[in-house]
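Contents: one structure, followed by commentary.
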Amino acid sequence: ARRCGMQLAYLSREQYRHKEDGRVAAENQSLYLLPEGGTNALAIQGCTELAEEILHEVQPDYCCVACGTGGTAAGLVAGFEGRVRTIGFPVLKGDFLFNHVMDLAGGKNTLPVSAWTLQNDYHFGGYAKWTPALIDFIRYMEARFDMPLDPVYTGKLFFGVWDLIANDYFPRGATICLVHTGGLQGVAGFKQRFPMAGL
Numbered sequence: 046a047r048r049c050g051m052q053l054a055y056l057s058r059e060q061y062r063h064k065e066d067g068r069v070a071a072e073n074q075s076l077y078l079l080p081e082g083g084t085n086a087l088a089i090q091g092c093t094e095l096a097e098e099i100l101h102e103v104q105p106d107y108c109c110v111a112c113g114t115g116g117t118a119a120g121l122v123a124g125f126e127g128r129v130r131t132i133g134f135p136v137l138k139g140d141f142l143f144n145h146v147m148d149l150a151g152g153k154n155t156l157p158v159s160a161w162t163l164q165n166d167y168h169f170g171g172y173a174k175w176t177p178a179l180i181d182f183i184r185y186m187e188a189r190f191d192m193p194l195d196p197v198y199t200g201k202l203f204f205g206v207w208d209l210i211a212n213d214y215f216p217r218g219a220t221i222c223l224v225h226t227g228g229l230q231g232v233a234g235f236k237q238r239f240p241m242a243g244l
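What follows is the structure, given as structure tokens:
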């Protein structure tokens with residue numbers, strides 16, 4: 046970021062708690078605040094365009110995506126307009142995301158509730174939590190399919206879809222699209238923090 050000309054300013058925990066109430070912006074006139082997870086109106090618009098691209102290229106019956114703040118899922122739900130069932134795989138505990146995503150996508154009045162669902166059983170204990178089974182799966186996917194995954198987002202998504210397929214969740218012959226949202230930049234830090242994981 047510095048090589049590209051960015052100036053980094055560090056915030057205390059107290060400042061960070063008030064990042065969205067105007068105090069931090071008042072102290073930093075040139076500040077542009079990116080919300081956590083990058084979820085804002087522009088993000089929803091970009092992911093709506095992603096849905097259109099997926100429809101043009103794949104025409105799936107299901108589209109599966111990892112969920113943190115829900116912005117990517119909301120854009121997909123809005124872009125598919127009920128033509129594709131979107132399934133979100135939360136990386137956090139709890140089912141609080143459903144209504145949040147529907148609101149971001151345009152609300153229940155404009156979209157059928159059936160356009161979107163959550164699979165809450167694949168968070169592996171919560172955000173950035175992991176188990177040996179998840180790490181084994183990530184290693185298998187890379188060795189067998191040359192598919193790099195991260196343990197925070199995409200590993201959980203792919204694990205969940207793989208498990209649902211094995212348990213006949215999807216109708217035979219259904220086309221399933223998985224959106225790989227990245228997260229690979231965090232793998233090096235994960236390996237450093239959890240060398241015992243063997244990732």
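For the sequence shown, this note's numbering gives the first residue as 46, with consecutive numbering after it.
Glycine included, every Cβ here is placed at the ideal spot set by N, Cα and C.
Query	Result
Buried versus exposed call for Q74 [16 or more other C-beta atoms within 10 Å across all chains shown]	exposed
DSSP three-state assignment for W161, whether helix, strand or coil	strand
C-beta contact flag for G151 and A123 at 8 Å	yes
Reduced DSSP category for P177 - H, G, I as helix; E, B as strand; rest coil	helix
Environment of K138 [buried if 16+ CB atoms lie within 10 Å]	exposed
Through-space distance from A219 to F190, alpha-carbon basis	21 Å
L223 beta carbon less than 8 Å from that of F215	no
Alpha-carbon spacing of V232 relative to M241, whole angstroms	14 Å
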